[in-house]
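Written out below as structure tokens is the structure these notes cover.
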Amino acid sequence: MRSIFTANRTGLVTGASAGIGLEMARSLASKLDSLILVARRVERLEQLAKELHARYPALNVVCEAADLSDPEAVERLLRQLKSRGTDVDVLVNNAGLGESELFERSPWYRVRQIVEVNVIAMLRLTHDVLPGMVARGHGAILNIGSGAGYAAMPNAAVYTASKHFVRAFTESLRAQLAGTGVTVSEAAPGPVESEFDRVAGIEGGATPAQRIFRITAQECAADIVQEFEKGTPVIFPGRNYRWMMKVQPLMPRRLFAAQVAQAARKLRQKLARG
């Protein structure tokens, strides 16, 4: 099977300063001529760029500091790309925000941030680079979803809804672009060892299920890039987790509904105890 990277040589990765995004950048660096790294923390991006230059001297690395929860920052990023005449061939919409809170207790600014980063920024970047991909007859888009996009999470209603959106948007866009030379994939990771949980406020010991399915960010990115290169439509990184996600649709929905309801009751009891 032909690699998507044969014709696509300029990539852009959002959320590239840590976790899956950082490891995605490392995995993609050997396959591209140019790599644009986007995140809020420019010092981390510059450190990564230095590392990638040392490993791949011919690679052109560009660091772009942007807070994707700010629509104007997204527009500035797009203007920067346009001013340099950059044609993005490979777009990795990885940046994401999580949560661990009952919806009615979540500050509105946090709700809006999650939607801006997980949904609006993904749409805006895709909408901007896609016409060029279609016109050139090649391109590849990877949207990082989540296992939450295939389930319900009572302590992360907005995050879960955003990942259901990623799943539906990616599937619909893939169908729309059939025959254009542009491939569209979704990666839906399960538990991954990264700072994402800490930022989202999800701290504490892993559950037995999480220990079974949890993989490192490096393992996650390697699995994703391997399948993305082949144009795999939906990617579940990690052997145990991949098996579980294939079996899950065969399970009665009543069972999942009962588990979600039980988790919600436990969460409210925990919060009531302070």
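The opening position of the sequence shown corresponds to residue 50 in this note's numbering, with each subsequent residue numbered one higher. Yeah, the Cβ is synthetic: ideal placement off N, Cα and C, and Gly gets one too. Computed from a prediction, not measured in an experiment: that's the story for all the values here.
Going by Cα to Cα distance, which pick from Phe218, Gly228, Arg154, Pro240 is closest to Ser234?
Phe218
Could you tell me the alpha carbon to alpha carbon distance between Glu100 and Val91, rounded to whole angstroms?
14 Å
Put Ser66 into one of helix, strand or coil per three-state DSSP.
coil
Check Leu151 in the structure and name its three-state DSSP category.
coil
Could you tell me the distance, in whole angstroms, from the CA atom of Glu252 to the CA atom of Gly147?
Since pLDDT at Glu252 reaches only 48, below the 50 mark, its modelled position is unreliable, and the value read off the structure follows with that caveat. The alpha-carbon atoms of Glu252 and Gly147 are separated by roughly 12 Å.
Proximal residues to Gly60 (C-beta, below 6 Å), its chain only, five neighbours per side dropped
Leu77, Leu81, Leu84, Val139
Neighbourhood of Ala249 by C-beta, 6 Å cutoff - its chain only, sequence neighbours within 5 removed
With a pLDDT of 44 at Ala249, under the threshold of 50, the predicted position of this residue should be treated as unreliable, though the coordinate-derived value follows. Closer than 6 Å at the Cβ level, and outside the excluded window around Ala249, lie Gly147, Glu148, Ser149.
Are the beta-carbon atoms of Ile53 and Glu278 separated by less than 7 Å?
yes
How long is the line joining the alpha carbons of Arg89 and Val296, rounded to whole angstroms?
38 Å
Residue ranges of each alpha helix (DSSP H) run of no fewer than 4 residues wholly in the segment 126-179, ordered along the chain?
157-164
Segment limits, beta strand (DSSP E) that includes Ala114:
109-114
Span of the beta strand (DSSP E), counted from its first residue to its last, around Ala236:
231-236
Asn143 classed as buried or exposed, judged by whether at least 16 other C-beta atoms fall within 10 angstroms:
buried
At least 3 beta-carbon pairs within less than 8 Å: the segment 205-214 vs the segment 176-191:
no
So, under 8 Å CB-CB, Met293 and Val231 are touching, yes? Tell me the CB distance rounded to an integer number of Å.
Not really, about 30 Å apart at Cβ, beyond 8 Å.
What do you get for Phe9, buried or exposed, if any count of 16 or more other CB atoms within 10 angstroms of its CB means buried?
Not covered by the structure: residue 9. The range shown for the chain is 50 to 323.
Would you report the Cα separation of His176 and Arg263, rounded to the nearest angstrom?
33 Å
Own chain residues within Cβ distance below 6 Å of Ala114, not counting five before or after:
Val91
Which class does Leu84 belong to by DSSP, given the choice of helix, strand or coil?
strand
Nearest residue (CA-CA) to Glu165, options Val215, Ala236, Leu108:
Val215
Mapping the DSSP letters down to three states, classify Gly196 as helix, strand or coil.
helix
Among all the DSSP beta bridges, which residues are the ones paired with Ala189?
Val139, Thr232
Which value, in whole angstroms, describes the spacing of the CA atoms of Val137 and Gln267?
24 Å
Going along the chain, which unbroken runs of the alpha helix (DSSP H) with 4 or more residues stay wholly within the segment 203-231?
206-225
Collapsed DSSP secondary structure at Glu252 in the structure displayed:
With a pLDDT of only 48 at Glu252, under 50, the local geometry of the prediction cannot be trusted, and no value is derived from it.
7 Å CB neighbourhood of Gln129 in its chain, flanking five on each side removed:
Glu113
How many Å lie between Val123 and Arg173 at the Cα?
8 Å
Cα separation between Gly254 and Ser118?
Summary for Gly254: the model assigns pLDDT 48, below 50, so the residue's position carries little reliability; its value from the coordinates is reported in the next sentence. C-alpha separation (whole angstroms): 29 Å.
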